[in-house]
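Novice: Encoded as structure tokens, here's the structure I'll be asking about.
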Amino acid sequence: MRRRQVIALGLALAASGLAGAAGCGARGAPGRGVRGRFAIVPQGDRWTRVAGALATAAWDAGFAVSRHDQATPITVTGLPALAAAALDDGPTLLDTATPLARLAGEIEVVVVPAASKFRDFEEFGTQLLARPGETVLAGGPRGEPDHLLFGLVAQGLGADTRQVVYTGYPSSVEVAAALLGGKVAAAAGALADWRHDIRTGRFRVLAVSCAHRVDGIDAPSLLESGVRVDFAAWCAVVGPHGMTGDTRDAALEMCEAVSGSAPWREACRRRGWSALPLFGDDFAAWLATEITRTRGVFRDLGLVDTNSTTCGPSCVSGH
């Protein structure tokens, strides 16, 4: 099955309520949810925790959350799904759903072993600019956020993006082993996955992907390092395609209320998510720019054809 078919199927299952309401329970609350009953569902396993936290916070805020067949599905999705659609030249979230809100994201870090020859991001960037084909990079599977981040970094440095060499691994454990074994020069990944090894001194952070420094991390942002990139592996919620009127208004009210609630803030703190609230039309406009940016990076990396933006099987393999 082609990747875009998988993405479309995932949204269709969520829209029909067949994916289940992860973490929601079979309960409904009166109060703010009087204009609609919602089923909060993850598009895939990677968003199950987000969906559960969102459903719990929505229930606590007094909104109707249910697994009932008549409930309006609110699907939790994010950057990996957008990237998958871009790789396969598939329909975007703007084509298949109603954008409601960007919720949170995982800040990424560029890391090297403690003994790396790169003392700081400037030294790493200088080599990547001069010898991109000799600077092997690593992170999660090809075409996912870590790979996308390195494409943006190469673009920002002015490096020959087509020469960037990237190896994808199933998890940060394999990435760490490749770094320590000298197979790769640097890696990108979610800060939450690397924080322990950073604290113990096994790895050093050269830069963080967000626009500002992160508490507890002794490293500059990419912007501070001269690379105009502000990046996070974001997650968001969308409604069914064509969602309008009172139902959309109620869903937006729920998203706005939850994003400022104590249970949601606590979930973000506990999971290491950074709050990135953006709602309604503002989110839809931002999403359009994110789609364009992602497709542009993949074209520059050679992951999609510059004419048709079609990607062959080798582009989406895990290695």
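All letters in the sequence shown, in the order written, are residues 0 to 318 by numbering that gives the first Met the number 0. Built from N, CA and C at the ideal position, the CB exists for glycine as well.
(1) Just to confirm before moving on: does the CB-CB distance between ALA231 and CYS209 stay below 8 Å?
(2) Thinking C-alpha only, which one of VAL152, GLY181 and MET253 is nearest VAL228?
(3) Quick check on this structure: which residue in GLY259, ALA266 and GLU265 has the alpha carbon closest to the alpha carbon of LEU277?
(4) What residues are listed by DSSP as bridge partners for GLY37?
(5) Would DSSP call GLU122 helix, strand or coil?
(6) Roughly how many angstroms separate the alpha carbons of TRP272 and ALA103, rounded to a whole number?
(7) DSSP state of ALA103, grouped into three classes?
(8) Can you list, in chain order, the residues of its chain whose CB lies under 8 Å from that of ALA82, leaving out five sequence neighbours each side?
(9) In terms of DSSP beta bridges, what is CYS234 paired with?
(10) Is the distance from the Cβ of VAL204 to the Cβ of VAL110 below 8 Å?
(11) How about GLY180 and GLY138: are their beta carbons less than 8 Å apart?
(12) Taking PHE282 as part of the alpha helix (DSSP H), name the residues at either end of that continuous run.
(13) Please report the straight-line C-alpha distance between ALA244 and ALA250, rounded to a whole angstrom.
(14) Going by DSSP in three states, THR199 sits in which element: helix, strand or coil?
(15) Residues bridged to TYR165 by DSSP?
(16) List the whole-angstrom C-beta distance separating PHE62 from PRO219, where the pair is believed to meet the contact cut-off of C-beta under 8 Å.
(17) Express the C-alpha separation of ARG161 and ASP44 in angstroms, rounding to a whole number.
(18) Taking the alpha-carbon of LEU275 as reference, which of GLY295, ALA287, ILE290 and CYS254 has the nearest alpha-carbon?
(19) Please return the same chain residues whose Cβ sits closer than 6 Å to the Cβ of TRP177, not counting the five positions on each side in sequence.
(20) Cβ atoms of ALA235 and GLY77: under 8 Å apart, would you say?
(21) What's the C-alpha gap between ALA85 and GLY150?
(22) Run through DSSP, which three-state label would PRO262 get?
(23) I'd like to know whether the C-beta atoms of VAL40 and THR91 end up nearer to each other than 8 Å.
(24) So ALA186 is in the alpha helix (DSSP H); what residue range does that whole segment cover?
(25) Per DSSP, what kind of secondary structure is VAL303 in: helix, strand or coil?
(26) Judging by CA-CA distance, which residue of ARG194, ARG48, VAL257 and ARG201 is the nearest neighbour of PRO112?
(27) If you drop the 5 nearest sequence neighbours on each side, which residues of the same chain put their C-beta closer than 7 Å to that of LEU156?
Specialist: Taking the definition as stated:
(1) yes
(2) Ranking VAL152, GLY181 and MET253 by Cα distance to VAL228 puts VAL152 first.
(3) GLY259
(4) Correcting the residue identity first, residue 37 is Phe in this sequence and not Gly. Partner(s): VAL64 and THR71.
(5) Look at GLU122 here: in three-state DSSP terms it is helix.
(6) 6 Å
(7) strand
(8) These residues qualify, in order along the chain: GLY142, GLU143, PRO144, LEU147, THR293 and PHE297.
(9) In the DSSP output, where bridge partners are listed per residue, CYS234 has GLY77 and ALA103.
(10) yes
(11) no
(12) 279-300
(13) Correcting the residue identity first, residue 244 is Gly in this sequence and not Ala. Between GLY244 and ALA250, the C-alpha separation is close to 10 Å.
(14) coil
(15) Answer is LEU136, bridged to TYR165.
(16) Contact between PHE62 and PRO219 does not hold, since their C-beta atoms are separated by about 40 Å, which reaches or exceeds 8 Å.
(17) 32 Å
(18) CYS254
(19) Position check: residue 177 holds Ala in this sequence, whereas Trp was assumed. Closer than 6 Å at Cβ, skipping near neighbours: ALA137 and VAL183.
(20) yes
(21) 14 Å
(22) Helix.
(23) no
(24) No alpha helix (DSSP H) contains ALA186, which is instead part of the beta strand (DSSP E) from 185-189.
(25) coil
(26) ARG201
(27) GLY124, LEU127, LEU128 and VAL226
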